[in-house]
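If you're matching them up, the sequences are chains A and B in order. Here our numbering = 1-based position in the first sequence + 4. Counting from 1, position 213 in the second sequence corresponds to residue 200 in our numbering; the numbering is continuous, with no gaps. We treat Cβ as the ideally placed atom computed from N, Cα and C, and that holds for glycine. What you are looking at is a predicted structure, and each value in this text was computed from that prediction instead of being measured. Here the structure is laid out as structure tokens; the discussion comes afterwards.
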Amino acid sequence: MRDGRGQIRRRAGLRLWLSGGWLALVLFGAVFAPWVAPQDPLMQDLFTSRLPPFWMEGAEPGYWLGTDNLGRDVLSRILHGARIALIVAVSAGAATCLIGATLGLIAGYFRGMADIVISRLVDIWMAFPPVLFAILLIAVLGTGLTSIIVAIVVIDWTRFARVVRAEAMNQGAMDYVASAQVAGYSRLRTMLVEILPNVLPTIGALLTLEMGISVIVEAILSFVNLSIPTDDPTWGGMIAEGRQAIHQSWWVLVFPLVTLFLTVLSFSQLGEGLKDRFDPVLR
Amino acid sequence: MSAYLEIRNLSAVVRGTGERLLRGVSIALEAGHVTGLVGESGAGKSMIGKAVLGILPTAVEVVEGEILLDGQDLLRMPPDRRRRLIGATAALIPQDPLTALNPSHRVGPQITDRLVDILGWSRADAEARAQALLDEVHIAEPARVMKSYPHELSGGMRQRILIAAAFAAEPRLIVADEPTTALDVTVQKQILRLIAEMQARHGTAMLFVTHDLGVVSKICQDLAVLYAGKVVEQAAMRDFFRAPAHPYSRALLAATPQYTDPTGSLRPVERDVLDTVEAEIAADDREWRNGQAGP
Ligand SMILES: Nc1ncnc2c1ncn2[C@@H]1O[C@H](COP(=O)(O)OP(=O)(O)O)[C@@H](O)[C@H]1O
Ligand SMILES: [Mg+2]
Chain A
5 MRDGRGQIRR RAGLRLWLSG GWLALVLFGA VFAPWVAPQD PLMQDLFTSR
55 LPPFWMEGAE PGYWLGTDNL GRDVLSRILH GARIALIVAV SAGAATCLIG
105 ATLGLIAGYF RGMADIVISR LVDIWMAFPP VLFAILLIAV LGTGLTSIIV
155 AIVVIDWTRF ARVVRAEAMN QGAMDYVASA QVAGYSRLRT MLVEILPNVL
205 PTIGALLTLE MGISVIVEAI LSFVNLSIPT DDPTWGGMIA EGRQAIHQSW
255 WVLVFPLVTL FLTVLSFSQL GEGLKDRFDP VLR
Chain B
-12 MSAYLEIRNL SAVVRGTGER LLRGVSIALE AGHVTGLVGE SGAGKSMIGK
38 AVLGILPTAV EVVEGEILLD GQDLLRMPPD RRRRLIGATA ALIPQDPLTA
88 LNPSHRVGPQ ITDRLVDILG WSRADAEARA QALLDEVHIA EPARVMKSYP
138 HELSGGMRQR ILIAAAFAAE PRLIVADEPT TALDVTVQKQ ILRLIAEMQA
188 RHGTAMLFVT HDLGVVSKIC QDLAVLYAGK VVEQAAMRDF FRAPAHPYSR
238 ALLAATPQYT DPTGSLRPVE RDVLDTVEAE IAADDREWRN GQAGP
């Protein structure tokens, strides 16, 4: 039995290291993009257009992952694109989590009127189709980074509210909560000190999942040109451009796509890994 | 001697549906005595304990009655005052040792925090008190156990900790809600003996909730038999076992094999006995509903 547990723990550990490592790399690239990017991501040069990645014939040193048909360096654009991806992931993730988890916690623990109001709100909210909702919001708010973040928060807080409510309800039925109340602690203190720590692993997993979703949403909106209006490179924008040149230069499409995929995957795996490691019940 | 805890004519319903969970319950508990609260699962035993401690679920509403603690009616007291009074004078030994300790916190603070935060003890006094109590419940290394997380300890160990925690603030009333039901049979006996020993030493009044008459006979001075939220009989232990007054009590006693025929198997309560009780409850409900509809 001890072996079985150890096995699970070791696999969870590997998952944690791989996903955490990749995200650390992306974070490093995003923060230090101006220094680590080999080229200016916006510089066009028709003499260096459609250079292949480094292992192929015709590659030029300094353009490791090749260039697009305007001669812009793919690696440099991916690194700079990571900035917008992570800004959206962190701010949209954090805001969604804060709003959704707070409402979920209150509904699930306090029950009664608060629960009725919040649950009804969630139900009504979820009746809107999310994609339509997002496009509508962008149309009203205008394109731009803030609009994307607001759109994600407005659409996705319900996921946190629902899951956290259910979890808080489970915890609220536990005898340790009854003991805290008999002891004379206030409801608010009981919620924050007794319930919240036990819901935290779930919130953490949801948060990283939400960050991954935010990265995808940002990429999709960039892909359909509803994201930021400037020339700053985004992964979604790169994928859209690369798709048009797929036959001449596949690397312009494939590298940002792979980066996007690995990043989203890492966010969700990180969440699961952290939950496994820190859930006091599984521990 | 007057009762320390007196529940008078307590009725509770489910909000919305109006379904009656407690039917005019009256129970008296003398200071320093242990009163058993016996009934089958779903009879409303826990509900009574929760009503006394002020932790009824939001879906349940008390519609009539009084709960007098040392002469003061808990139900007609400002919630804040009631909470402080309960915190200072009462405690709970919960049913399930697995969920009764918070998995996120170390054991020590779960005993000491309330002494410090609620009752204003110094941290050092609280720690010393917790160590002494863990010692009293026969835990070998109190200092080490206080630094452990609940999941590092066995079920029996956790139940000992919960007993220690319940007695920590020297309460005058403890509600023990099936404290041995979730444990192995062997551990059950030890824990029961421990609770009896602690109760005797501290002279705490105790409402002992259980579905097991065998357990009641070992620890209680008197008992109340509950069926479908109605107390069908409250009696002193000795009188009850000699001559149970209510047919349902008699059936319950007969269904507990060690008191009639130790080799016999558990017999279910007979149909006609159940019919008698159900008829009583229906009559009671009719009368109650008329009372509600009236003035
Ligand atoms: N939150 C609730 N809302 C409505 N009914 C409840 C709730 N909790 C328990 N009940 C009902 O109250 C009755 C008494 O429950 P309880 O006091 O837990 O029984 P027990 O005697 O087994 O401790 C049961 O019939 C149960 O279905
Ligand atoms: Mg119960």
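Check: Would you mind reading off the limits of the beta strand (DSSP E) that contains Leu55 of chain B?; Outcome: Val47 to Leu56
Check: Closer than 6 Å is what we want: which residues have a beta carbon that near any heavy atom of ligand 1? List them in chain order.; Outcome: B:Val1, B:Leu8, B:Gly26, B:Ser28, B:Gly29, B:Ala30, B:Gly31, B:Lys32, B:Ser33, B:Met34, B:Pro44, B:Ala46 and B:Val47
Check: Can you check whether the C-beta of Gly74 of chain B is within less than 8 Å of a C-beta belonging to chain A?; Outcome: yes
Check: Where does the unbroken beta strand (DSSP E) through Gln82 of chain B begin, and where does it stop?; Outcome: Taken as a continuous stretch (DSSP letters only), Gln82 of chain B belongs to no beta strand (DSSP E), as it is neither H nor E.
Check: If contacts are defined as beta-carbon pairs under 8 Å, then Phe282 of chain A and Leu27 of chain A qualify, I think. What distance do you get, rounded to the angstrom?; Outcome: Not quite, the Cβ-Cβ distance comes to about 17 Å (not below 8 Å), so this is no contact.
Check: Can you grab the Cα-Cα spacing for the pair Leu90 of chain A / Glu64 of chain A, in whole Å?; Outcome: 30 Å
Check: Report the residue from B:Val132, B:Leu239, B:Glu27 and B:Ala242 whose alpha carbon sits nearest the alpha carbon of Gly216 of chain B.; Outcome: B:Glu27
Check: So, using beta-carbon positions, are Glu214 of chain A and Gly97 of chain A closer together than 8 Å?; Outcome: yes
Check: Would you mind reading off the limits of the alpha helix (DSSP H) that contains Ala266 of chain B?; Outcome: Arg258 to Ala280
Check: Which ranges would you report for the beta strand (DSSP E) in the stretch 206 to 233 of chain A if only whole runs of at least 3 residues count?; Outcome: none
Check: I'd like to know if Asp171 of chain B contacts chain A, where contact means its C-beta is closer than 8 Å to some C-beta of that chain.; Outcome: no
Check: Arg115 of chain A versus chain B: which residues are under 9 Å apart at the beta carbon?; Outcome: Pro44, Thr45 and Ala46
Check: What are the partner residues of Leu(-3) of chain B, as DSSP defines its beta bridges?; Outcome: B:Val12
Check: In the stretch 129 to 167 of chain B, which residue ranges form an unbroken alpha helix (DSSP H) of at least 4 residues, counting only runs that do not cross its ends?; Outcome: 129 to 133 and 142 to 154
Check: Is there a Cβ of chain A sitting closer than 8 Å to that of Ala115 of chain B, yes or no?; Outcome: no
Check: Answer with yes or no whether the minimum CB distance from Leu79 of chain B to chain A is below 8 Å.; Outcome: yes
Check: If you follow the beta strand (DSSP E) that Asp209 of chain B is in, where does it begin and where does it stop?; Outcome: Asp209 to Tyr214
Check: Taking only runs of the alpha helix (DSSP H) that begin and end inside the stretch 7 to 89 of chain A, which ones reach a length of at least 4 residues, in chain order?; Outcome: 37 to 40
Check: In this structure, what does DSSP give as the bridge partners for Glu17 of chain B?; Outcome: B:Ala(-10)
Check: Just to make sure I have the definition right: I need the residues of chain A whose C-beta is within less than 7 Å of the C-beta of Ala87 of chain B. Which are they?; Outcome: Asp179, Tyr180 and Ser183
Check: Would you kindly report the start and end of the unbroken alpha helix (DSSP H) that includes Gln252 of chain A?; Outcome: That residue, Gln252 of chain A, is in no alpha helix (DSSP H); it is neither H nor E in DSSP.
Check: Using the C-alpha atoms, what's the distance from Ile150 of chain B back to Leu56 of chain B?; Outcome: 22 Å
Check: Cutting at 7 Å between CB atoms, please list the residues of its own chain near Val40 of chain A, excluding the five before and the five after it.; Outcome: Gly33 and Leu83
Check: Ignore the nearest five residues each way along the sequence and tell me which others in Val94 of chain A's own chain have a CB closer than 6 Å to its CB.; Outcome: none
Check: Between Leu211 of chain A and the rest of its own chain, which residues show a CB-CB distance below 6 Å, the 5 nearest in sequence each way excluded?; Outcome: Gly97 and Cys101
Check: Helix, strand or coil: how does DSSP classify Thr247 of chain B here?; Outcome: Because Thr247 of chain B carries a pLDDT of 49, less than 50, the predicted location of this residue cannot be relied on, and the following value inherits that uncertainty. Coil at Thr247 of chain B, not helix or strand.
Check: For a contact meaning CB atoms closer than 8 Å, what does Gly188 of chain A contact in chain B?; Outcome: Arg70, Arg71, Ile73, Gly74, Ala75, Arg101 and Ile105
Check: State the Cα-Cα distance for the pair Asp272 of chain B and Val0 of chain B, rounded to the nearest angstrom.; Outcome: 12 Å
Check: According to DSSP, which residues form a beta bridge with Arg281 of chain A?; Outcome: Answer by DSSP bridge pairing: none, since Arg281 of chain A is not bridged.
Check: Can you determine whether any heavy atom of ligand 2 sits closer than 7 Å to the C-beta of Asp164 of chain B, and answer yes or no?; Outcome: yes
Check: Could you please give me the residues that DSSP links to Thr197 of chain B through a beta bridge?; Outcome: B:Val25
Check: Let me confirm a value: Ser(-2) of chain B is counted as buried when at least 16 other C-beta atoms fall within 10 Å, else exposed. Which label applies?; Outcome: buried
Check: Is the separation between the beta-carbon of Lys37 of chain B and that of Val196 of chain B shorter than 8 Å?; Outcome: no
Check: For Glu198 of chain A, return the contacting residues in chain B, with the cut-off set at a CB-CB distance below 7 Å.; Outcome: Asn89
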